[in-house]
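Chemist:
4 protein chains.
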Amino acid sequence: MTQDPQARHEVPDVFTPAKLGPVTLRNRTIKAATYEGMSHKSLVTDRLIDFHVQHAAGGVGMTTVAYCAVAPEGRTDRHQILWRPEALPGLRKLTGAVHAEGAAISAQIGHAGPVGNPKANGAPALSPSRHFHKTTLSFTKVATRDDLARIVKNHGDAATMAAEAGFDAVEVHLGHNYLASSFLSPKLNHRDDEYGGSLENRARLALEMVREVRRAVGDRIAIIAKLNMDDGYPGGFWLDEAIVVAQWLEQSEAVDALEMTAGSSLLNPMYLFKGDAPLHEFAGVMPEPLKTGIKLIGSRFLHSYPYRDGYLLEDAKQIRSHVKLPMILLGGITDRQIMDTAMAEGFEFVALGRALLREPDLINRMQADARTRSLCNHNNKCMTKIYGGTRCVLVPQPGARPPAQPPSADATQVVEAAERLEARA
Amino acid sequence: MTQDPQARHEVPDVFTPAKLGPVTLRNRTIKAATYEGMSHKSLVTDRLIDFHVQHAAGGVGMTTVAYCAVAPEGRTDRHQILWRPEALPGLRKLTGAVHAEGAAISAQIGHAGPVGNPKANGAPALSPSRHFHKTTLSFTKVATRDDLARIVKNHGDAATMAAEAGFDAVEVHLGHNYLASSFLSPKLNHRDDEYGGSLENRARLALEMVREVRRAVGDRIAIIAKLNMDDGYPGGFWLDEAIVVAQWLEQSEAVDALEMTAGSSLLNPMYLFKGDAPLHEFAGVMPEPLKTGIKLIGSRFLHSYPYRDGYLLEDAKQIRSHVKLPMILLGGITDRQIMDTAMAEGFEFVALGRALLREPDLINRMQADARTRSLCNHNNKCMTKIYGGTRCVLVPQPGARPPAQPPSADATQVVEAAERLEARA
Amino acid sequence: MTQDPQARHEVPDVFTPAKLGPVTLRNRTIKAATYEGMSHKSLVTDRLIDFHVQHAAGGVGMTTVAYCAVAPEGRTDRHQILWRPEALPGLRKLTGAVHAEGAAISAQIGHAGPVGNPKANGAPALSPSRHFHKTTLSFTKVATRDDLARIVKNHGDAATMAAEAGFDAVEVHLGHNYLASSFLSPKLNHRDDEYGGSLENRARLALEMVREVRRAVGDRIAIIAKLNMDDGYPGGFWLDEAIVVAQWLEQSEAVDALEMTAGSSLLNPMYLFKGDAPLHEFAGVMPEPLKTGIKLIGSRFLHSYPYRDGYLLEDAKQIRSHVKLPMILLGGITDRQIMDTAMAEGFEFVALGRALLREPDLINRMQADARTRSLCNHNNKCMTKIYGGTRCVLVPQPGARPPAQPPSADATQVVEAAERLEARA
Amino acid sequence: MTQDPQARHEVPDVFTPAKLGPVTLRNRTIKAATYEGMSHKSLVTDRLIDFHVQHAAGGVGMTTVAYCAVAPEGRTDRHQILWRPEALPGLRKLTGAVHAEGAAISAQIGHAGPVGNPKANGAPALSPSRHFHKTTLSFTKVATRDDLARIVKNHGDAATMAAEAGFDAVEVHLGHNYLASSFLSPKLNHRDDEYGGSLENRARLALEMVREVRRAVGDRIAIIAKLNMDDGYPGGFWLDEAIVVAQWLEQSEAVDALEMTAGSSLLNPMYLFKGDAPLHEFAGVMPEPLKTGIKLIGSRFLHSYPYRDGYLLEDAKQIRSHVKLPMILLGGITDRQIMDTAMAEGFEFVALGRALLREPDLINRMQADARTRSLCNHNNKCMTKIYGGTRCVLVPQPGARPPAQPPSADATQVVEAAERLEARA
């Protein structure tokens, strides 16, 4: 009921500059976080820099370094970037290289909570309540109030380091049943302390995190909250509560923009990734014990949802109608038409993930020709590449070369060999 | 065959005034009855007044106070408004407040019959023939001819009181397998007296009700009949008979407008509410013994039907082609386009339910900008709120406030606590 | 490959006159045969005359009297019109009444073969090969060559009588697995004489019938062949063979127009009637032993096929491309747009069945307003009325009157009775 | 990422001439290879010549003689054309007759590998790894490296003979799990030599074949590679690898154009042929032991996929975006609109199969009237005719004549016979 019909008549061009908190982006497109799997020993690699430079050169207003953990046990991958002083030199090199291409750069920060990888981390995953994790075949550890206080502070520290490293924004991860999101879920959170029960209590951790981040960085960099609006399973966190949490985030004055997402890395990962569920490929590439876990729970875990352009728009509009915070629309952004729709519906930014993996220069080409459509066909096989460097499987890796000649390296020799064979026969 | 092709060329603007019996509505939109669950001890509450004032202020031509029972055993809910002199002061306050906003107000009157709540009412539900009620886990009582005569008279008394209380219209409930509708259903009515058997007999009660209402109020207020056209189960009342009953209602001269509806609160409640069936939520909120009943018959009871704009239009057109009575189109009215279609197809009014729960000011905004579309996403979770005040779950309740600070109320303190923790570790 | 691209540019208006053999119809719309169930003791009734007069008055170019049997054992219903001298006076009255409304009139002639009703006819149904009939629970009798010669001659006699009775056309029934169509079906015809085996042999009976009809009536009246193009079951007669038979019919010079149809009254009756399968109603109204038969084979017999406008067009175009004979398009003709498409695709006429049952004046109204759409909603309940006078169940029968007053005929008395009751309580 | 947005503005007319390697086609339409089943004892027949002359006369720029085997054990059919000197006279007659109609002519060359017919060939089918063949009920033989060298040379010899016979192009078959394609499939190829394992190894055979063909014919005739992009089963060759192989084919400079196809004659033949799966007809016509094989594995083998215009376009665009080689779009080309789309998306040619079987003059008629649409209804019954001369079952074979008169050849006699019968009765 807060929509202003007047506003409808001033639909901005998605390729014009826009402010995101203290930062001005050259246009309203953002490379969404898609876990790169390109860090090594929790540090930036040249490959990770190349990845983001490529996206920056491709035209987006801002690129996002996907999930960097605020604490060791909050990692989903052994080599994942961890916010420590040791990481800063590499991160500075990364932000500088992106800035040199004219784009801004954001860092996704968070704690994986129950999605954490206990084997890689050498520590159980933290969760609001104890449960058995079917993919890692292990029990989670209930986060104590001390754990939570520490993790909240970790978020502030991480944001401070991000600002020091030259990032223009941090994106606080409050989705996908990572720690903050798992606390929001009535299905996962059965606590009876001040972090469980009422929505107020379940949202407490998320709000503490963003407030601490604001306290740490003030207005030096932009703060984005990435919040679930539908966990994707019965009894999970849903739109009705997400609207209220979005309003609380707005009232907290701790965030500059909201990005709504959906699904659960724990219980329904494909709910976000509409399109094909690459079950066959997943079973092949996952490290143990995930591989065994995936095999055990198979297709019950990897559902397949039909793709359509702007597939999160209808839900995100529910949030849009209740807050005035700038919003970033994610999900199925593939051509100019859906971008224009997003702008007309009052979103300030659009975020693209898989479409930019398929074509990093898509934004530049869309600016040159508004009829350009993404070639992404939603096969989601990119999801299966996160352990070896995320990429679209339809983009041949540089260095694809025709096979070397066969042993009888020259075609003439092949023929002669065949002739000898025939003579013998 | 009674359509006049000429009429097609005079399609009225839905936002112009129109006459409904003796009343002139400021426009052709009506807030459909959606049970409010806001009365207390069968009396009006301030909350109920606020609810209708909000809708009146939102722009509708008329709002409808949902189901007020003409007899104690005809209630579906213990606290439901009952037409008694004691209710009049509150009702007068309600009608006055709505009139002050420039809208008219209608009262839905009826007898729930087999849909009645035996536990709340302390009396068995009345029905044309005895049957076991799977949701209330009890047997119904066969309505005697004396019961029927009394209930017919109750309708007249109720309408008289409604007129006295300042209502502009009454809507006689002949749908959803409430009493009159259960008599119409060949599946529920196996009587062999003059109220069973032929359509003439099965329709007798409905016609007696509206005639008695007309006798009671004459032309002082408008009389609407809300009639089923498809009970939604094999062997139920269907379009073929509904056309004839609609013609009889017209010939009776006892009604000023017809509103066609569908489904059965007894056997197929979701048939009217296209969209998602909120089974999970229903099981959670229903009072006993309904909760147990719902659990027992589960998803066989709550089907899910696909939503589309104007989903009752095709069926209602079948009625439209056989009567000249003004008609109100209900079902999936969400934007200007379907409203214009309704007008072009010869309906005089449109009624909106869930869309106005989602956005009470929708009509005002549609008048300001014809492109406005409803945000209602047909999740039907509003249906699960009827015991605590019906509302759209996507409209945060006033008073949603961010959670209080955690025990260590200040963020600085949180950090210090965390630092202490770290020091200890 | 015989389509003439030039022809595409001369698309006629469906409401202009057109020649059908020796007859000129006032427009290109035809009321398709829909069995009326209105004859009595094989003679015309006033009700049947009223039925066709209503359609003639409604604007069609020609109406069709449905299925009149050429032989007693070829009837599907005890009271069905039989081509005998006794029938002529009634038929003359019928044709005269239709002509008086400006429309032409056609008679469908044929032999039901295996679809014949053995109980009503007091004789087994004739078929190309012996089989057990699941709906009539009886065996068919194999038609001898003498039977066939007699039946061929019966067709000529029937056509002669039709001409004498004032009909403008006869429609020879070569579809729905009636006798000629059952001979065409490789699934039903296992003969090893000159009427079985090759398509040439299986088509022999159909060709003999039309040749005999032509021999009998010459060019006095028009001859239409109604030919199946898809029996609707595996191994049945299909498009590939229908194209060849259509070409043979053309080469025979015995027919003036072709009307393509589909389905089998024996094995898949709903294949023609896209839309809902009214199983519940069928079980209720069919006479024994059909009722028992239907119950035994239930929903395996009554499939449901999705409706779409012009649902036979794609198949009929396959025939259209191989013959130059004028063609009548049947199946899902409900508005001006599909009529225009039919004309553009080279069909000379369109035939409407259920749409005209719903609204006999549809053609007149379409001429007055091209936007008029049929109200027929494909519920197919008309099919269940063939034993008591076929009608659309959504058209109330004339004489629908509101129920008589209840015993206490006056509403005042009802109230008084109720007050007495209350006083007693 | 190699798309040039500029190129979009120069969309060629599909009916203008275009170069294909050294050949200039009169327009950009190609009759795709559809196995004719019209050769006899591996030699050309007049019927085969008539077939291609008909297509040439119908307007295509080039017709394609379907699958001619490079080696005896690489045949799929006993009578299939085999590249031997004995075949040249017939082939020369064929190419001459096509050229006389103004069209070019291509020959599809290849080795069927595991798709080979062991019974007809008197030799086991060759495959990369041993497996049991469910349709032929036999084991394949693993191709030795000597086999491969010989077969590569056979390809060069075949191409040389094709050039000598007057063909304008050869199309090297790298699809449908024929030999080269079976080596590409990770599911079928488990070798551990230099022809198995990595994509480089699995693609080695395909690249050797085309290189040898180029070595043999140089630039005298055009070389087309027909490459799978989706085998149609889990674990098969897919788009990601097809892009790389397409790039290698481009780098090899051995091919002038790429035609992308899909499906496996071995494991999923219907994957290419969207539309109906003619299971009933297949079981009837296949020779043993295929008939028994088909019956054993039934509908698991013959899936049915929905048809849509240009059904391979989305996948082929993925290849289009990574190579600059001219490309031929195959699959669901039925009207001018999809042809224009193909041109706009950067394809140089379109290939039509079933649509031209239905209407060999389709191209001419499309040129005369751009609104012409194919009559092909994707019944795929043409697939069941490959053992007796492939044809559309909806095109009556020339010579379809009406059945001879019945024994009593004259209709008058029929009547008299019938009258005698009646007299007797």
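Residue numbers (this note's numbering), protein chains in the order written: chain A, 55 to 479; chain B, 55 to 479; chain C, 55 to 479; chain D, 55 to 479. Quick reminder that beta carbons are idealized off the backbone N, C-alpha and C, glycines included.
Using a Cβ-Cβ distance cut-off of 8 Å, determine whether HIS227/B contacts chain A.
Modeler: Closer than 8 Å: no.
Chemist: Identify the contact partners of VAL447/A in chain D, using a Cβ-Cβ distance below 7 Å as the criterion.
Modeler: Per Cβ cutoff of 7 Å: ASP294.
Chemist: Would you mind working out which of ALA203/D, PRO182/D, PRO288/D sits nearest GLY251/D, comparing C-alpha positions?
Modeler: The shortest Cα separation from GLY251/D among ALA203/D, PRO182/D, PRO288/D belongs to PRO182/D.
Chemist: Can you check DSSP and say which residues form a bridge with GLU313/B?
Modeler: Partner(s): LYS280/B, ILE382/B.
Chemist: By Cβ distance, which residues of its chain are closer than 6 Å to SER235/C, with the 5 residues on each side in sequence left out?
Modeler: The residues are LEU228, GLY229, ASN282.
Chemist: Can you list, in chain order, the stretches of the alpha helix (DSSP H) that have 4 or more residues and sit fully within the stretch 414-459 of chain C?
Modeler: For the stretch 414-459 of chain C, whole alpha helix (DSSP H) runs of length 4 or above, ordered along the chain, are 416-422.
Chemist: So LEU320/D contacts chain C; which residues on that side make the cut at Cβ distance below 7 Å?
Modeler: Residues of chain C passing the Cβ test: none, with the nearest at roughly 26 Å.
Chemist: Between CYS436/C and the rest of its own chain, which residues show a CB-CB distance below 8 Å, the 5 nearest in sequence each way excluded?
Modeler: Answer for CYS436/C: THR88, ARG408, LEU411, THR444, ARG445, CYS446, VAL447, listed in chain order.
Chemist: Using DSSP with H/G/I as helix, E/B as strand and the rest coil, what is SER358/C?
Modeler: SER358/C: coil per DSSP, three-state reduction.
Chemist: DSSP three-state call for SER252/C: helix, strand or coil?
Modeler: In this structure, SER252/C counts as coil in the three-state DSSP scheme.
Chemist: Who are the Cβ neighbours of TYR287/D in its own chain at under 6 Å, not counting the five residues just before and after it?
Modeler: So the qualifying residues of the chain are LEU321, ASN322.
Chemist: Can you check the stretch 213-246 of chain A for any alpha helix (DSSP H) of at least 4 residues that lies completely inside it and give the ranges in chain order?
Modeler: Those alpha helix (DSSP H) runs which fall completely within the stretch 213-246 of chain A and span 4+ residues are 233-238.
Chemist: For GLY112/D and LEU416/D, which I take to be in contact (beta-carbon distance under 8 Å), what is that distance rounded to the nearest angstrom?
Modeler: 7 Å between Cβ atoms; contact.
Chemist: Given this structure, state the Cα-to-Cα distance separating ARG268/C from THR117/C, to the nearest angstrom.
Modeler: The alpha-carbon atoms of ARG268/C and THR117/C are separated by roughly 21 Å.
Chemist: Note down, in chain order, every chain C residue with its Cβ under 8 Å from the Cβ of LEU74/D.
Modeler: Residues of chain C passing the Cβ test: none, with the nearest at roughly 28 Å.
Chemist: In chain order, what are the residue ranges of uninterrupted alpha helix (DSSP H) at least 4 long that sit wholly in the stretch 73-139 of chain C?
Modeler: Runs found: 100-111.
Chemist: GLU262/D to VAL206/D, Cα distance in whole Å?
Modeler: Whole-angstrom Cα-Cα distance: 6 Å.
Chemist: Quick one: complete beta strand (DSSP E) runs, 3+ long, within the stretch 140-169 of chain B?
Modeler: Fully enclosed beta strand (DSSP E) runs of 3 or longer: 158-164.
Chemist: State yes or no: is the C-beta of VAL309/D within less than 8 Å of the C-beta of ILE277/D?
Modeler: A contact, by the Cβ cut-off of 8 Å.
Chemist: Within 8 Å of any Cβ in chain C, is that where the Cβ of ASN434/D sits?
Modeler: Not closer than 8 Å to any Cβ of chain C, the Cβ of ASN434/D fails to qualify, so no.
Chemist: Roughly how far, in whole angstroms, is the beta-carbon of MET314/D from the beta-carbon of ALA270/D, given that I think they are within contact range, below 8 Å?
Modeler: Actually they are not in contact, since the Cβ atoms of MET314/D and ALA270/D sit about 24 Å apart, beyond 8 Å.
Chemist: Helix, strand or coil: which one does DSSP assign to GLU64/C?
Modeler: Reduced to three states, the DSSP call for GLU64/C is coil.
Chemist: Helix or strand or just coil, what does DSSP make of ALA260/A?
Modeler: Of the three classes helix, strand and coil, the one that applies to ALA260/A here is helix, per DSSP.
Chemist: ASN431/A CB to nearest chain D CB: under 8 Å?
Modeler: Yes, contact with chain D.
Chemist: Which residues bound the alpha helix (DSSP H) around VAL298/D?
Modeler: Its alpha helix (DSSP H) spans residues 293-306.
Chemist: How about PRO450/A: is its C-beta nearer than 8 Å to some C-beta of chain D?
Modeler: Interface residue, yes.
Chemist: If we count the other Cβ atoms within 10 Å of its Cβ and call it buried at 16 or more, is PRO168/C buried or exposed?
Modeler: When all chains shown are included, PRO168/C counts as buried.
Chemist: State the start and end residues of the unbroken alpha helix (DSSP H) segment that holds ALA174/C.
Modeler: Unbroken alpha helix (DSSP H) run through ALA174/C: 172-175.
Chemist: Please confirm whether any heavy atom of the ligand HEM lies closer than 7 Å to the CB of SER235/C.
Modeler: Ligands are entirely absent from the displayed structure, and the ligand HEM is therefore not among its contents.
Chemist: Under 8 Å, Cβ to Cβ, is there at least one residue of chain A near GLU140/D?
Modeler: No, GLU140/D does not count as interfacial toward chain A.
Chemist: For ARG265/C, is the classification buried or exposed, using 16 other Cβ atoms within 10 angstroms of its Cβ as the cut-off for buried?
Modeler: Answer is buried; the Cβ neighbour count reaches 16.
Chemist: Check the Cβ of PRO288/C against every Cβ in chain D and list those closer than 8 Å, keeping chain order.
Modeler: Near PRO288/C (Cβ distances below 8 Å), the residues of chain D are HIS334.
Chemist: Measuring alpha carbon to alpha carbon, tell me which residue in LYS328/D, VAL377/D, ASP423/D, GLY364/D is nearest ALA405/D.
Modeler: Residue GLY364/D is the option with its Cα nearest to ALA405/D.
Chemist: Against chain B, with Cβ distances strictly below 8 Å, would LYS371/A count as a contact?
Modeler: So, interface residue.
Chemist: Can a CB atom of chain C be found closer than 8 Å to the CB of VAL65/B?
Modeler: Chain C, which has no Cβ nearer than 8 Å to the Cβ of VAL65/B, makes this no.
Chemist: Starting from LEU321/D, follow the alpha helix (DSSP H) in both directions and report where the run begins and ends.
Modeler: It is not in any alpha helix (DSSP H) - LEU321/D carries neither H nor E in the DSSP assignment.
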